[in-house]
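Student: Submitted below is the structure of interest, expressed as structure tokens.
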Amino acid sequence: MTKDTLRQIANVLSVILALTVNILAVALPLNGQNTGAISDRFKVYFVPAGYVFSIWGIVYIGWIAFLVFQSLPSQKQSPRLRKLGFLFALSCVFNAAWLFCWHYNQFGLSVIVMLFLLGLLIASYLKLNIGRTPISNAEKWCVDIPFSVYLGWISVATIANVTDLLYFIKWDGFGIAPQSWAIIMLCVAILLGLWMAFSRKDSAYLFVFTWAFAGIAVKQAAELSVEISAWVAALVALGLVVYCMLHRGKAMPTSVSGSGKA
7 MTKDTLRQIA
17 NVLSVILALT
27 VNILAVALPL
37 NGQNTGAISD
47 RFKVYFVPAG
57 YVFSIWGIVY
67 IGWIAFLVFQ
77 SLPSQKQSPR
87 LRKLGFLFAL
97 SCVFNAAWLF
107 CWHYNQFGLS
117 VIVMLFLLGL
127 LIASYLKLNI
137 GRTPISNAEK
147 WCVDIPFSVY
157 LGWISVATIA
167 NVTDLLYFIK
177 WDGFGIAPQS
187 WAIIMLCVAI
197 LLGLWMAFSR
207 KDSAYLFVFT
217 WAFAGIAVKQ
227 AAELSVEISA
237 WVAALVALGL
247 VVYCMLHRGK
257 AMPTSVSGSG
267 KA
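Right under this line is the structure:
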């Protein structure tokens, strides 16, 4: 069995694993606890409304689209996918592991697992050189957009996960009010969004930020300062989405060399 074949099989098996655990987390649920209900225990302000988590459906569709694309015979020796290697498969394993940590109340361990997951997705994003590599439309929709959406959501989820842990261990926030910390985290996220907009012109990544920030505004309507800040952040992120869409073609090199197509 060649390394390329092994990589394709590993991706298939890892997606099956991750999807199965995600389904069981809701259907059983794992440890008799609902994922969202656990989140509701943490009275923190960097948490969006429940409907926002429906974005996982888009993430799952992205996984499947990537799975089908990378399984095509024409992609078996793709230079881009060879660079990606087993990073995606590992990210699926860590995704499943995080659910076990979360549902079994291992919140400290869940942050460690989440950070590894984030690191794997950042490495995947850089290996694929998203936003800087000329690709076909098929590759855009089956590789780049799924990875951008996934990384965008895990970027937001990592901040929320760390915030939950700090609440769990009763950290006093250096005397700074929780509402203020939420606003600070929104500012940090926007700075990240600005960097992604100007360095990668990645509208898919920034759309996830828009979706999440709007959800935080809806969820935290009782806290005016957080609600207003979240709406402002959502509008800034939406503006960056528009900017990326308008400038994406200008930023893309005209050469198709190194596109990663077999």
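Per the working numbering, residue 7 is the first one in the sequence shown, and the count goes up by one each step.
Backbone N, C-alpha and C fix where the C-beta goes; we use that ideal spot for every residue, glycine too.
Nothing here was measured: the structure is a model prediction, and the numbers come from that model.
1. Three Cβ pairs or more, each shorter than 8 Å: is that satisfied between the region 86–94 and the region 127–140?
2. Between Ile175, Gly181 and Cys98, which lies nearest to Leu157 when the distance is taken from Cα to Cα?
3. Excluding five sequence neighbours on each side, which residues of the same chain lie with their C-beta closer than 8 Å to the C-beta of Ala16?
4. Gly199: buried (16+ other C-beta within 10 angstroms of its C-beta) or exposed?
5. Hey, how far is the Cα of Ala236 from the Cα of Gln76?
6. Check Glu229 in the structure and name its three-state DSSP category.
7. How big is the Cα-Cα spacing for Ala218 and Ala240?
8. Do Val119 and Ala103 have their C-beta atoms within less than 8 Å of each other?
9. Do you know offhand how far Leu171's Cα is from Met202's?
10. In chain order, what residues of the same chain have a beta carbon less than 6 Å from the beta carbon of Thr41, not counting five sequence neighbours either side?
11. Quick one: Cα of Trp62 to Cα of Gly38, how far?
12. Could you check whether the region 180–193 touches the region 109–123, counting it as contact only if at least three pairs of C-beta atoms, one from each stretch, sit closer than 8 Å?
13. Excluding the 5 residues flanking Ala166 on each side, which residues of the same chain have their C-beta closer than 7 Å to its C-beta?
14. List the endpoints of the continuous alpha helix (DSSP H) containing Lys9.
15. Helix, strand or coil for Asn40 per DSSP?
Tutor: Based on what the coordinates show:
1. With a cut-off of 8 Å, the region 127–140 and the region 86–94 count as touching, because enough Cβ pairs lie within range.
2. If you number the sequence shown from 1, residue 157 lands on position 151. Nearest Cα to Leu157 within the set Ile175, Gly181 and Cys98: Cys98.
3. Here the question's residue 16 lines up with position 10 in the sequence shown. Phe92 and Ala95, listed in sequence order.
4. Here residue 199 is taken as the residue at index 193 of the sequence shown, counted from 1. Around the Cβ of Gly199, a 10 Å sphere holds 16 or more other Cβ atoms; the residue is buried.
5. The sequence position of residue 236 within the sequence shown is 230, counting from 1. The sequence position of residue 76 within the sequence shown is 70, counting from 1. Distance from the CA of Ala236 to the CA of Gln76, rounded to the nearest whole angstrom, comes to 37 Å.
6. Here residue 229 is taken as the residue at index 223 of the sequence shown, counted from 1. Glu229: coil per DSSP, three-state reduction.
7. Here residue 218 is taken as the residue at index 212 of the sequence shown, counted from 1. Here residue 240 is taken as the residue at index 234 of the sequence shown, counted from 1. Taking the CA atoms as reference points, Ala218 sits about 8 Å from Ala240.
8. In the sequence shown, residue 119 corresponds to position 113, counting from 1. In the sequence shown, residue 103 corresponds to position 97, counting from 1. Their beta carbons are under 8 Å apart, which means Val119 touches Ala103 by this criterion.
9. For the purposes of this step, residue 171 is identified with residue 165 of the sequence shown, where counting begins at 1. For the purposes of this step, residue 202 is identified with residue 196 of the sequence shown, where counting begins at 1. Looking at the two C-alpha atoms, the distance is approximately 27 Å.
10. The sequence position of residue 41 within the sequence shown is 35, counting from 1. Excluding its 5 nearest sequence neighbours in each direction, Thr41 has C-beta neighbours in its own chain below 6 Å: Ala31, listed in chain order.
11. Stepping through the sequence shown from its first residue, residue 62 is reached at position 56. Stepping through the sequence shown from its first residue, residue 38 is reached at position 32. Trp62 and Gly38: Cα-Cα distance of roughly 21 Å.
12. The region 180–193 vs the region 109–123: no contact.
13. Within the sequence shown, the letter at position 160 stands for residue 166. In chain order, Phe52 and Val53 place their CB closer than 7 Å to the CB of Ala166, counting only its own chain and leaving out the 5 sequence neighbours on each side.
14. Here residue 9 refers to the residue found at position 3 when the sequence shown is read from its first residue. Start and end: Lys9 to Ala33.
15. Within the sequence shown, residue 40 is the residue found at index 34, counting from 1. Assignment of Asn40 by DSSP, reduced to helix, strand and coil, places it in the coil class.
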